[in-house]
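2 protein chains.
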Amino acid sequence: MSKKSLAILMRARMRPNDPTKFPHISQFPKEIPSNPQENRSRDRILLKSTQETGNSSDFSSSRRVYDVVCETMHSAISASKTGVLDITLNDFQEGYFSLSLEDREKLLLVLAKEYDVNREQVRELVKQYLGLENPASDDKEALASVFYRIERNLRHALKPTYEVLFERLNTHPGGLRFLCILRADLLSILTKENTPSLRTLDSYLKEKLGMWLSPATLELHQITWDDPASLLEKIVAYEAVHPISNLLDLKRRLGIGRRCFGYFHPSIPGEPLIFIEVALMETVAQTIQEVLWDNPPIPENQATCALFYSISSTQPGLAGINLGKFLIKRVITLVKKDMPHVSTFATLSPIPGFMQWLISKLSSQSRFAEDERGTQSNSPSSTFSEKILLPEEEQALMGLSDESSSSSNGMEVLLNLLSVKNCEWATSPRILPVLEPILMRLCARYLLQEKKRGKALDSVANFHLQNGAMVERINWTADRSEKGIHQSGGIMVNYVYRLENIEDYAQSYFESGKIHASPGIHSRL
Amino acid sequence: MSKKSLAILMRARMRPNDPTKFPHISQFPKEIPSNPQENRSRDRILLKSTQETGNSSDFSSSRRVYDVVCETMHSAISASKTGVLDITLNDFQEGYFSLSLEDREKLLLVLAKEYDVNREQVRELVKQYLGLENPASDDKEALASVFYRIERNLRHALKPTYEVLFERLNTHPGGLRFLCILRADLLSILTKENTPSLRTLDSYLKEKLGMWLSPATLELHQITWDDPASLLEKIVAYEAVHPISNLLDLKRRLGIGRRCFGYFHPSIPGEPLIFIEVALMETVAQTIQEVLWDNPPIPENQATCALFYSISSTQPGLAGINLGKFLIKRVITLVKKDMPHVSTFATLSPIPGFMQWLISKLSSQSRFAEDERGTQSNSPSSTFSEKILLPEEEQALMGLSDESSSSSNGMEVLLNLLSVKNCEWATSPRILPVLEPILMRLCARYLLQEKKRGKALDSVANFHLQNGAMVERINWTADRSEKGIHQSGGIMVNYVYRLENIEDYAQSYFESGKIHASPGIHSRL
Chain A
1 MSKKSLAILM RARMRPNDPT KFPHISQFPK EIPSNPQENR SRDRILLKST QETGNSSDFS
61 SSRRVYDVVC ETMHSAISAS KTGVLDITLN DFQEGYFSLS LEDREKLLLV LAKEYDVNRE
121 QVRELVKQYL GLENPASDDK EALASVFYRI ERNLRHALKP TYEVLFERLN THPGGLRFLC
181 ILRADLLSIL TKENTPSLRT LDSYLKEKLG MWLSPATLEL HQITWDDPAS LLEKIVAYEA
241 VHPISNLLDL KRRLGIGRRC FGYFHPSIPG EPLIFIEVAL METVAQTIQE VLWDNPPIPE
301 NQATCALFYS ISSTQPGLAG INLGKFLIKR VITLVKKDMP HVSTFATLSP IPGFMQWLIS
361 KLSSQSRFAE DERGTQSNSP SSTFSEKILL PEEEQALMGL SDESSSSSNG MEVLLNLLSV
421 KNCEWATSPR ILPVLEPILM RLCARYLLQE KKRGKALDSV ANFHLQNGAM VERINWTADR
481 SEKGIHQSGG IMVNYVYRLE NIEDYAQSYF ESGKIHASPG IHSRL
Chain L
1 MSKKSLAILM RARMRPNDPT KFPHISQFPK EIPSNPQENR SRDRILLKST QETGNSSDFS
61 SSRRVYDVVC ETMHSAISAS KTGVLDITLN DFQEGYFSLS LEDREKLLLV LAKEYDVNRE
121 QVRELVKQYL GLENPASDDK EALASVFYRI ERNLRHALKP TYEVLFERLN THPGGLRFLC
181 ILRADLLSIL TKENTPSLRT LDSYLKEKLG MWLSPATLEL HQITWDDPAS LLEKIVAYEA
241 VHPISNLLDL KRRLGIGRRC FGYFHPSIPG EPLIFIEVAL METVAQTIQE VLWDNPPIPE
301 NQATCALFYS ISSTQPGLAG INLGKFLIKR VITLVKKDMP HVSTFATLSP IPGFMQWLIS
361 KLSSQSRFAE DERGTQSNSP SSTFSEKILL PEEEQALMGL SDESSSSSNG MEVLLNLLSV
421 KNCEWATSPR ILPVLEPILM RLCARYLLQE KKRGKALDSV ANFHLQNGAM VERINWTADR
481 SEKGIHQSGG IMVNYVYRLE NIEDYAQSYF ESGKIHASPG IHSRL
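Sequence order for the protein chains is A and L.
All the letters of the first sequence, read from the start, carry residue numbers 1 to 525 under UniProt numbering.
All the letters of the second sequence, read from the start, carry residue numbers 1 to 525 under UniProt numbering.
The following block contains the structure:
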């Protein structure tokens, strides 16, 4: 066995990430392995008996399972015995997985509300703190001591009680991973019901996870064909940008002219938290096809460009924690050191929000236009209306709509074309050349000018811009996959990282939302 | 190159730990490598010019270096540009190493006092919090929101400003290691001058380090002869219990019948934070000689006992952070899994404080005895006096002192014998048999009954007891090295970890200071 596999085996036991993907663990196992010498807690026995009473779809039974899990949670927080605690934490994790999302929500609400900050204690300390305003003593160091003491106590009192559960799970084998799943649940619950207590629970957990998964604790590892199959399998499962079709495809992505790097955490072994795929190219690639299908693109020593063509994070529960930033910076440093002849670091990125934005823009503007035609006046809606298309684009589109007389303007023609389910336009030699300049111009506008809270509306754009990249070029028919056409009309974008500008660009984007872009893309606007 | 060495190379660059051991870095390097494209900060230029002005022993020059380092520290805390920050943090680290311990103390005082909690802000928030006592609104969730918000703000306001420096260093390459050194300095300063502000700085840093080095972030790795020499060299350098005499000795400790495990952190690569040496034995060893010199002790498949004969931590700056506890627990699990025939987990441990305690006890009691002889009355001192020796021991010792008439009682005889510099008693066939029962009895008393704040007085005893071990047996002439005789009269102790009792024992020791011990050792009292 290789040293590395051994090292991986030597780490803490792991638990599969997504219980829905591993249905066998979303129920209690028939026999929970445990040390026979350890006393089984009452909860444990309760759990087992609950299981044995019959079908978990039975309401009173699932009610009972919920109660037991809730009680286990209580023990996990209040227990002082570290030994029993290990069993309790295992029970809690197993129990949690057996709950429906509805019951999980109930449980998390209990956690958020009943294990909150101890407000009595905070109030008491806060009063003491204010009492220090008129110090009786002139001794400065002595006074400082009192401040230090109360501040420390106040700091501890302000920690919600549920922090204990998070802390204990963090140091428990498999616990960090469990917390990622718990937060993923929390996020999905919050999309439906945004209660302040759950929001606070989430932001507290997010802060903790961000701390525990700080770059100082992450290890960069180059993933190769020599890695264990169990790891490679995860790469296939989690590749979110350009799905891996088969083993050959995977082997190609790990072979000559390519690199794959992952960030690993000691507590979540055998699985990267985030990974990035790199192709070594002669020039910045314009289409994903030339990246994915050429084998290898060019001899490695002729490469001048490292192209990041895919970044996938594996844990939905780590949303909002930017792991990729440090990953990209470290990979750039590493590749640069390894291959000094590589001078350009670029991406070939999807534009996941472009079509959605364009279609919704077109439909709202069509509605405004219709309203205006109806009222023949300056109705209030007109303040929101805008000219999306240039006069020549309007004309070209109307030229396409000869036969279908129902469309009264270019926006409607475009909307109709783009809304057809199987995206016929993308394969039509008549329509394609007409749409190209229009979609490319609108895409440049979408990337450079459409913002939300001062940041790029497109999530991938926002990711790279906050990391210090600039928008270099957009590429027509760069991704002809169904997904590519559907998301962005097949357009892809190259972001470029220039070492000398990364920090300045990140900073100005952070401070003022400034998006740096090449003259070429500016000229499209 | 092996995969592991590659993995180590791939990690962040490291900085030697103890600047006194690596004098070449305790001064600024002539040329600090940096990216020429990055702007050099004013501080950097200042630093360099300071260096070039001449001898650092010159007072005004070292004054100036101090000022620059202090200013760099300020930039490192207040800078918002992450790019410049990397350079600033490097400069701060380099600069800090160039300071004398005296200047470091001054700098740390500035850090503790001028970058403390923002009390104005805390007071403001505290007042707002108290203002919430009479809620105007009956809406519970809305009220909760306000509480959550102020509590979060208060939590952030209560963080001292110096936390920023700690956090930034933690995510900076080499920074975690630097923080360990900084805390080691802090601890050594505190032994001389225990000011509340420095104590608070230390306890805050300790808490942070404990969090960043939580077991979840540590990786257990078996250290073998196949590991890089740079790692093995560290093992030799840091082995604190039984010094490694030469390469052959090291090879034996990593060879058949032995194991060595270390805890590693991704940010401090190539060096364990703590490591443990294990010998596989047929029975629990009574002397360190049989552990260290037999080669190998027995065939591995005949082993029934895993003997932990040495645990060394490498970072003085991590004092008070119990890394060994989790290490022992994980090593036991690992060995058990690997070799099910091993059923006993024991230590052969030094008793570092025994002789020191005994000699100080004997001298204070001799003084009391003398006082009593002088006053011939119940002087106040007599309330502290106690019979250390049993009548038969008194007699046996007086029997030894025939020739030296100066000693008026057994305690004095014993004190004189033990105080002789070269420990003649330990090689004298006449004295040794007399001392054996006396020292063994007193040693059992020292281990089981002498406490400080309710915990075992002996630091190694306290370590194993808090981990859940019991005191099994003490062994006469178990360590005949000079150090062994000097520390504990050559006595060593076996602590035993029984899997089924570890948690209970740890808990009762934690709660009430109860020390579990075998009947054999109890009978010696």
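Even for Gly, the Cβ is constructed at its ideal location relative to N, Cα and C.
Just so we're clear, the structure is a prediction, and the values are computed from it rather than from any experiment.
Assigned exposure category for residue i - 16 Cβ within 10 Å defines buried
i: E219 (chain L); result: buried
i: Q395 (chain L); result: exposed
i: E424 (chain L); result: exposed
i: K127 (chain L); result: exposed
i: I256 (chain L); result: exposed
i: D338 (chain L); result: exposed
i: G54 (chain A); result: Confidence at G54 (chain A) is low in this model, with a pLDDT of 45, below 50, so its placement is unreliable and the value that follows should be read with caution. Counting Cβ neighbours within 10 Å, G54 (chain A) comes out exposed, since fewer than 16 surround it.
Distance, residue j Cα to residue i Cα
i: Q315 (chain L); j: L99 (chain L); result: 20 angstroms
i: P103 (chain L); j: L182 (chain L); result: First, the amino acid is wrong: residue 103 (chain L) is Asp here, not Pro. If you take the alpha carbons of D103 (chain L) and L182 (chain L), they lie about 13 angstroms apart.
i: M470 (chain A); j: P215 (chain A); result: 24 angstroms
i: L389 (chain A); j: A517 (chain A); result: 22 angstroms
i: R64 (chain L); j: P173 (chain L); result: 27 angstroms
i: E290 (chain L); j: I311 (chain L); result: 18 angstroms
i: A506 (chain A); j: L465 (chain A); result: 6 angstroms
i: N409 (chain A); j: G353 (chain A); result: 24 angstroms
i: L250 (chain A); j: T200 (chain L); result: 53 angstroms
i: T195 (chain L); j: K159 (chain L); result: 20 angstroms
i: C180 (chain A); j: L254 (chain A); result: 28 angstroms
i: A144 (chain L); j: Q93 (chain A); result: 29 angstroms
i: F261 (chain A); j: F463 (chain A); result: 18 angstroms
i: W225 (chain A); j: G270 (chain L); result: 25 angstroms
Pair within 8 angstroms by beta-carbon distance, residue i and residue j
i: I474 (chain L); j: I491 (chain L); result: yes
i: residue 605 (chain A); j: A157 (chain A); result: For residue 605 (chain A) there is no data in the structure shown, the boundaries of chain A being 1 and 525.
i: L327 (chain L); j: I274 (chain L); result: yes
i: S267 (chain A); j: L176 (chain A); result: yes
i: N153 (chain L); j: V284 (chain L); result: no
i: M355 (chain A); j: Q222 (chain A); result: no
i: L213 (chain A); j: H265 (chain A); result: yes
i: Y162 (chain L); j: L111 (chain L); result: yes
i: Q365 (chain A); j: E392 (chain A); result: no
i: A306 (chain L); j: V278 (chain L); result: yes
i: G454 (chain L); j: G399 (chain L); result: no
i: I332 (chain A); j: Y309 (chain A); result: no
i: R252 (chain L); j: L280 (chain L); result: no
i: G320 (chain A); j: K206 (chain A); result: yes
i: L132 (chain A); j: V122 (chain A); result: no
i: L108 (chain A); j: I189 (chain A); result: yes
Where the beta strand (DSSP E) containing residue i begins and where it ends
i: G262 (chain A); result: 258 to 264
i: M281 (chain A); result: 274 to 281
i: I222 (chain L); result: In the sequence as displayed, the identity of residue 222 (chain L) is Gln instead of Ile. Taken as a continuous stretch (DSSP letters only), the beta strand (DSSP E) holding Q222 (chain L) covers 219 to 222.
i: Y309 (chain A); result: 305 to 313
i: M470 (chain L); result: 470 to 475
i: T344 (chain L); result: 344 to 347
Bounding residues of the alpha helix (DSSP H) (the contiguous stretch that carries residue i)
i: S459 (chain A); result: 459 to 466
i: I485 (chain L); result: 482 to 488
i: T427 (chain A); result: No alpha helix (DSSP H) holds T427 (chain A); DSSP gives it neither H nor E.
i: D495 (chain A); result: At residue 495 (chain A) the sequence reads Tyr, which differs from the Asp that was named. No alpha helix (DSSP H) holds Y495 (chain A); the beta strand (DSSP E) holding it covers 492 to 497.
*Select from the region 104 to 136 of chain A all residues with a C-beta closer than 8 angstroms to any C-beta belonging to chain L, and list them in chain order.*
V117, R119, V122, R123, V126, K127, Y129, L130, E133
*Got a sec: which bits of the region 159 to 176 of chain A sit with their beta carbon under 7 angstroms from any beta carbon on chain L, in order along the chain?*
N170, T171, L176
*Under 9 angstroms (Cβ pairs) to chain A, residues found in the region 197 to 223 of chain L*: S197, R199, T200, S203, Y204, M211, W212, S214, P215, A216, T217, L218, E219, L220, H221, Q222
*Using a Cβ cut-off of 7 angstroms, which residues of the region 265 to 282 of chain A contact any Cβ in chain L, in chain order?*
P266, S267
*Cβ-based contacts, 9 angstroms cut-off: residues of the region 296 to 311 of chain A near chain L*: none
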